[in-house]
Amino acid sequence: MAATPYSPSNPPRKALTGSEPNSFGYTTLQSRLPVIVSKIVDDVYRTYHSLPDTDPLGTEKAQEAKSIIEAIGGLRYELQRDKPFRPLKDALPDVTEWNQTLADYYATSSWYKASWLFAECYLYRRVKEAFALTQYWRDYDPFFEQKQNVFKSSQKAIVAVAMRLMSPTDSNNHDNDDDSTNKDADRKVKSMSALDVLVSQGPESEGTKEAFFEMTQICLWGNATDLSLLDNPDLAKVEELQRRMLMTSSSSSSSNNSSSANLDKQAQEHVEEQQQRRQKDEKEASELEKHADKILKNDTTLLWEKVKDMRNGRVDFILDNAGFELYADLVFADYLIRAGFASEIVFHAKNIPWFVSDVIPFDFQWTLNQLYKAGDTSDSTPFFTPSDPAEQKALRDLGQKWHAYVDQGIWKVTTHDFWTSCYAFYHLPTLPSAQDLFKDMQKSSLWIFKGDLNYRKLVYDCHWPTTTPFTEAIGPLSNSDDNKERVPSLVSFRTNKADVVVGLEPGVKERMDKEAKDWMVSGEYAVISFSP
Ligand code: F6P
Ligand code: MG
């Protein structure tokens, strides 16, 4: 594949920068990043002050903590004074490439003059440098506590989804009557979870399709609650977002209820019963319709056309945030396995703490462990504490199931420095340092990109007209004649949090500009964009 003519300082259209007044890039450099950086200082300060007096390395750790606080303070100063970027000083494996890129494209540039994408990625890499230069804090994640708190506040939504995935549809079924075939079938259905009932009829069934539309909604709206956008996470707001999200998923299932003909009778009765229950609240239904309207470009049907023909394929998730979003991604990944579309899922996490809430491998393992330990009384501080034993069991069973996927190699977690470089994804097929990653990812049937930053990197974070087709905006990653069979199909699930959106119908931008001024950045609107 020919190398792209574009570079970090020369994207296909004019780059988004922090120097454009009223842009989200400007707001981010001006107000959001200084707050994010100050929180790192608070976190390190709190952590080293809570070190036990008995810690034999306490003095060394405290000294290093002070050096980190100083380095982060210096970084904030450089950002706020728009100082030139300086080369990185640590010895991590990606440092040579970072410094070369700086020298090649931004030798005389600074925070507000460079592209917003470069400046923001550089900031998080500099944060890592402050920790990497120490001995005792080199693997410390200054965002972990924030990620954990927001995840905890998501408990209600997490439990609700776990029940649909794991809990028998009728756990009180003690029917001891004759053993007729119907009773057997009935009992079987009632012992299955709602999701398993839906997918039990095979990949081509209406139940499986219905579940697909539900799972994609959960996966999409999981991206609405990331921490870097919520400067001061209002946990009640997080809960409210999730409540709306779950209603959205119910709505999409109920909209398909006329075509459940292929389900066996018991399964169908169960599905109908559930649908009736969901439909009964008229008020909620109208709220749901409003929510579906918030997906300004929705390629879910095209994605379904692709997925329904896959059997035991490999799917790659390019992850975004930890917490509820990761949970939602795992739910979708679990669905793909149970429905038989995939037999291998590769999750791409970040190597270093990134954009506050992004998943690093520790978050992945930690999430599975907390589910597995739900309600565990031998643990003095169980993370999830639902009082209902059925809910506890659903969480634990889910944790166990997902652990088993990992143990059996069905789910794999991997990292690569490319994901925390400043490079847009245009460079994935040709950047020398990303060749191993690209070659491996070519074995996949489908790439799923989650979240806003991944979207910005897909479309090179520049000023595209909003009606530009997605397949044009992703350049070398679209499956054009040139690269046929070289790049698998891909989809982006993204709630809008930056001033770049493509793939919209004519007139949508103009309507949205009137209806909701901040529609590009509030995280309330979304796109699901597919490239075949
Ligand atoms: O700081 C700006 C930004 O890159 C936005 O585009 C977005 O608000 C956030 O950071 C990251 O969002 P996501 O976690 O969805 O990639
Ligand atoms: Mg993120």
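Its first residue numbered 6, the sequence shown is counted upward by one per residue in this note's numbering. For glycine and all other residues, C-beta sits at the position ideal for the given N, C-alpha and C. Source: prediction; values computed, not measured.
Quiz item: When the Cα atoms are used, what is the spatial distance from Ile533 to Phe498?
Solution: Against the sequence shown, residue 533 aligns to sequence position 528. Against the sequence shown, residue 498 aligns to sequence position 493. For Ile533 and Phe498, the distance between alpha carbons rounds to 5 Å.
Quiz item: Rounded to a whole number of angstroms, what is the C-alpha to C-alpha distance between Pro57 and Ser494?
Solution: Within the sequence shown, the letter at position 52 stands for residue 57. Within the sequence shown, the letter at position 489 stands for residue 494. Between Pro57 and Ser494, the C-alpha separation is close to 52 Å.
Exercise. With Leu97 as the anchor, note down where its beta strand (DSSP E) starts and where it stops.
Key: Within the sequence shown, numbered from 1, the residue matching residue 97 stands at position 92. Where Leu97 is concerned, there is no enclosing beta strand (DSSP E), given that its DSSP letter is neither H nor E.
Practice problem: Measure from the alpha carbon of His432 to the alpha carbon of each residue in Val49, Val418, Ile479, then state which is nearest. | Solution: Translated into positions along the sequence shown, residue 432 becomes position 427. Selected option, being the one with the closest Cα: Ile479.
Quiz item: According to DSSP, is Glu349 helix, strand or coil?
Solution: Within the sequence shown, the letter at position 344 stands for residue 349. If DSSP states are grouped into helix, strand and coil, Glu349 belongs with the strands.
Exercise. Could you please give the first and the last residue of the uninterrupted beta strand (DSSP E) stretch that includes Ile300?
Key: Within the sequence shown, residue 300 is the residue found at index 295, counting from 1. From DSSP, the beta strand (DSSP E) with Ile300 extends over 300-303.
Quiz item: Identify the residues that DSSP records as bridge partners of Gly318: which are they?
Solution: Along the sequence shown, read from residue 1 onward, the residue named residue 318 stands at position 313. For Gly318, which the question treats as bridged, DSSP gives the partners Ala347.
Quiz item: Is the closest heavy atom of ligand 2 to the C-beta of Phe360 under 7 Å?
Solution: Mapped onto the sequence shown, residue 360 falls at position 355. Yes; taking the cut-off as 7 Å, the Cβ of Phe360 has a heavy atom of ligand 2 nearer than that.
Exercise. List in chain order: all unbroken alpha helix (DSSP H) runs of 4+ residues lying wholly within the stretch 109-164.
Key: 121-137, 149-157
Self-check item: Element boundaries [beta strand (DSSP E), containing Val418]
Solution: In the sequence shown, the residue the question calls residue 418 occupies position 413. Taken as a continuous stretch (DSSP letters only), the beta strand (DSSP E) holding Val418 covers 416-420.
Exercise. Check the DSSP bridge columns for Leu451 and list the partner residues they point to.
Key: Taking the first residue of the sequence shown as 1, we reach residue 451 at position 446. Answer is Val320, Ser494.
Quiz prompt | Continuous alpha helix (DSSP H) stretch holding Phe90: start and end | solution = For the purposes of this step, residue 90 is taken as residue 85 along the sequence shown, with counting starting at 1. Unbroken run through Phe90: none, as it is neither H nor E.
Quiz item: Which of helix, strand or coil does DSSP assign to Pro17?
Solution: Residue 17 sits at position 12 when you count from the first residue of the sequence shown. In this structure, Pro17 counts as coil in the three-state DSSP scheme.
Self-check item: Reference Glu219; option with closest CA among Pro511, Ser196, Leu170, Gln206
Solution: Here the question's residue 219 lines up with position 214 in the sequence shown. Selected option, being the one with the closest Cα: Leu170.
Quiz prompt | Inter-stretch contact at 8 Å, needing at least 3 Cβ pairs: the stretch 208-216 / the stretch 350-358 | solution = no
Quiz item: What number of angstroms, rounded off, separates the C-alpha of Thr221 from the C-alpha of Ala8?
Solution: Here residue 221 refers to the residue found at position 216 when the sequence shown is read from its first residue. Here residue 8 refers to the residue found at position 3 when the sequence shown is read from its first residue. Each residue's alpha carbon lies about 34 Å from the other.
Exercise. Run the CB neighbour count on Pro13, radius 10 Å, all protein chains shown included, and call it buried at 16 or more, exposed below.
Key: In the sequence shown, residue 13 corresponds to position 8, counting from 1. Buried is the call here.
Quiz item: Hey, out of Asn459, Thr64, Trp371, Leu373, whose CA is closest to Trp424's CA?
Solution: Here residue 424 corresponds to residue number 419 of the sequence shown, with the count starting at 1. It is Asn459 whose Cα lies nearest to the Cα of Trp424.
Practice problem: Please say whether Tyr332 and Ile77 have beta carbons closer to each other than 8 Å? | Solution: As a first step, residue 77 must be located in the sequence shown, where it is residue number 72. As a first step, residue 332 must be located in the sequence shown, where it is residue number 327. Not in contact: Ile77 and Tyr332 (Cβ atoms no closer than 8 Å).
Practice problem: Compute the minimum distance between the beta carbon of Ala466 and the heavy atoms of ligand 2, and state whether it is under 7 Å. | Solution: Your numbering for residue 466 matches position 461 in the sequence shown. Looking at the sequence provided, one finds Asp at residue 466 rather than Ala. Asp466 Cβ: outside cutoff for every heavy atom of ligand 2.
Quiz item: Under the criterion of a Cβ to heavy atom distance below 7 Å, does Gly456 qualify as lining ligand 1?
Solution: The residue you call residue 456 lines up with position 451 of the sequence shown. Flag set: Cβ of Gly456 near ligand 1.
Quiz prompt | Boundaries of the beta strand (DSSP E) in which Ser362 is found, first to last residue | solution = Your numbering for residue 362 matches position 357 in the sequence shown. Careful: Ser362 lies outside any beta strand (DSSP E) and carries neither H nor E.
Self-check item: One or two residues paired with Asn326 in a DSSP bridge
Solution: Stepping through the sequence shown from its first residue, residue 326 is reached at position 321. Per DSSP, Asp363.
Quiz item: Grouping DSSP H, G and I as helix and E and B as strand, with all else coil, what is Val49?
Solution: Stepping through the sequence shown from its first residue, residue 49 is reached at position 44. Three-state result, Val49: helix.
Quiz prompt | Exposure of His54, with buried meaning 16 or more beta-carbon neighbours within 10 Å | solution = Sequence index remark: in the sequence shown, residue 54 carries index 49 (1-based). Per the 10 Å Cβ criterion, exposed.
Quiz item: Using a threshold of 7 Å, is the CB atom of Asn326 nearer than that to any non-hydrogen atom of ligand 2?
Solution: Sequence index remark: in the sequence shown, residue 326 carries index 321 (1-based). True, at least one ligand heavy atom lies under 7 Å from that Cβ.
Practice problem: Compute every distance between the C-beta of Asp363 and the non-hydrogen atoms of ligand 2, then say whether any falls below 7 Å. | Solution: The residue given as residue 363 occupies position 358 in the sequence shown. Yes, the Cβ of Asp363 comes within 7 Å of a heavy atom of ligand 2.
Exercise. Return helix, strand or coil for Pro394, following the three-state DSSP convention.
Key: If you number the sequence shown from 1, residue 394 lands on position 389. In the structure shown, Pro394 sits in a helix (DSSP, three-state: H, G or I).
Quiz item: Does the stretch 342-349 come within contact of the stretch 411-419, defined as at least 3 CB pairs closer than 8 Å?
Solution: yes
Practice problem: Evaluate the contact criterion for the stretch 106-120 versus the stretch 41-49: three or more CB pairs, one atom per stretch, below 8 Å. | Solution: no
Quiz item: What did DSSP end up calling Ser196 once you bin it into helix, strand or coil?
Solution: On the sequence shown, residue 196 is found 191 positions in, with the first residue counted as 1. Three-state result, Ser196: coil.
Quiz item: Do the CB positions of Leu128 and Leu62 come within less than 8 Å of each other?
Solution: Your numbering for residue 128 matches position 123 in the sequence shown. Your numbering for residue 62 matches position 57 in the sequence shown. No, Cβ-Cβ distance for Leu128 and Leu62 is not below 8 Å.
Quiz item: What residues match up with Phe532 in a beta bridge as DSSP calls it?
Solution: Here the question's residue 532 lines up with position 527 in the sequence shown. Per the sequence presented here, residue 532 reads as Val, with Phe not at that position. Paired residue(s): Lys302, Arg499.
Quiz item: Is there at least one non-hydrogen atom of ligand 1 closer than 7 Å to the beta-carbon of Arg461?
Solution: Within the sequence shown, residue 461 is the residue found at index 456, counting from 1. Yes, the beta carbon of Arg461 sits closer than 7 Å to at least one heavy atom of ligand 1.
Self-check item: Endpoints, alpha helix (DSSP H) assigned at Val513
Solution: Within the sequence shown, residue 513 is the residue found at index 508, counting from 1. From DSSP, the alpha helix (DSSP H) with Val513 extends over 513-520.
Quiz item: Whose C-beta lies closer than 8 Å to the C-beta of Ser530 among residues of the same chain, with five residues either side of it excluded?
Solution: On the sequence shown, position 525 is the one that residue 530 refers to. For the sequence presented, residue 530 should be read as Tyr rather than Ser. So the qualifying residues of the chain are Lys299, Ile300, Leu301, Thr500, Asn501, Met517, Ala521, Trp524.
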